[in-house]
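To start, the structure under review is shown below, and the notes come after it.
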Amino acid sequence: MSKITIRYQKVSDAKRFYEILSNPNFIYFPAKPKSVEDEKKWLQDNPKRRKNNSEWNYTVLCGNQIVGTVGIKVNPRRKYIGEIGYFLDENFWGKGIMTKAVRLAEKEGFKKIGLTRIEILMQPKNKASEKVAIKCGYTKEGLLKKAIVGTDGKKKDALLYAKVL
Ligand SMILES: CC(C)(COP(=O)(O)OP(=O)(O)OC[C@H]1O[C@@H](n2cnc3c(N)ncnc32)[C@H](O)[C@@H]1OP(=O)(O)O)[C@@H](O)C(=O)NCCC(=O)NCCS
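Below, the structure written as structure tokens:
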């Protein structure tokens, strides 16, 4: 398999992200852009998000092919805490790609962004996501009741995994 790398997202990634996120099998991932234009508009604000240290969003590349995203949301009140989130093109699932991408993003989080705690939240049924957190060495801290929003817009329980420095 080609090398897995991450870089900041570009506005020109919009078409590919729209394609990946339009997959109806993304049953645990609520972000669905309405159009490529909509996705472009969202991507345009990334430099602002980095400047105010609220979000650091990266494109995951397999060789030079765009395969997904890994991002870090910084807690607005506790800037030392970040939450990692991710998605990957279904054609690339189960090859260890997101495990590698999370490790790369985590390095940015701890070394560059200055975090001392990184969290990963997922619905208990999202076994692939839970496995990524476990393989990356995150510790299960508990079950948060009605903590995240599902694709149906309703609040869902979430497993909390974390790694601290
Ligand atoms: C979650 C996601 C990013 C994982 O990416 P990935 O590159 O396939 O992950 P990895 O290959 O690194 O690891 C996934 C692991 O879960 C395992 N897995 C996948 N589906 C599983 C299931 N239903 N039950 C148990 N294990 C499962 C895989 O076998 C693999 O483990 P292994 O390496 O021991 O074989 C990808 O499935 C995805 O994009 N899902 C849709 C979006 C999403 O749910 N994002 C996360 C929101 S919290």
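For the sequence shown, full-length UniProt numbering begins at 1 and goes up steadily by one. The C-beta atom is built at its ideal place from N, Cα and C for all residues, glycine as well.
Keeping to the same chain, check which residues put their C-beta closer than 8 Å to that of residue 177; ignore five residues upstream and five downstream. Only positions 1 to 165 of the chain appear in this structure, which leaves residue 177 out of reach.
Jot down the residue ranges of each uninterrupted alpha helix (DSSP H) in the region 99-161, minimum 4 residues, whole runs only, in chain order. 127-135
Among 33, 28 and 14, which residue has its Cα nearest to the Cα of residue 22? Numbered from its first residue, the sequence shown carries residue 22 at position 22. Residue 33 is the option with its Cα nearest to residue 22.
Evaluate the contact criterion for the region 34-52 versus the region 95-107: three or more CB pairs, one atom per stretch, below 8 Å. no
Return yes when the C-beta of residue 29 is under 7 Å from any heavy atom of ligand 2, and no when it is not. Looking at this structure, you won't find ligand 2 anywhere; what it does contain is ligand 1.
Given 7 Å as the limit, tell me if residue 86 has its C-beta closer than that to any heavy atom belonging to ligand 1. By one-based count along the sequence shown, residue 86 stands at place 86. Yes.
Span of the beta strand (DSSP E), counted from its first residue to its last, around residue 42: By one-based count along the sequence shown, residue 42 stands at place 42. Per DSSP, residue 42 belongs to no beta strand (DSSP E); it is in the alpha helix (DSSP H), 36-44.
In the structure shown, what three-state DSSP assignment does residue 15 receive? Position 15 of the sequence shown, counted from the first residue, corresponds to residue 15. Here residue 15 sits in helix by DSSP.
Tell me the DSSP secondary structure of residue 7 in three-state form. Numbered from 1 along the sequence shown, position 7 holds the residue referred to as residue 7. DSSP places residue 7 in strand when its eight states are reduced to three.
Report the option in 155, 106 and 110 whose CA atom is closest to the CA atom of residue 132. Residue numbering aside, residue 132 sits at position 132 when the sequence shown is read from its first letter. Per the Cα distances, 106.
Residues near residue 197 in its chain [Cβ-Cβ closer than 7 Å; skip 5 each side]: An answer regarding residue 197 cannot be provided, because it is not within the stretch 1 to 165 covered by the chain.
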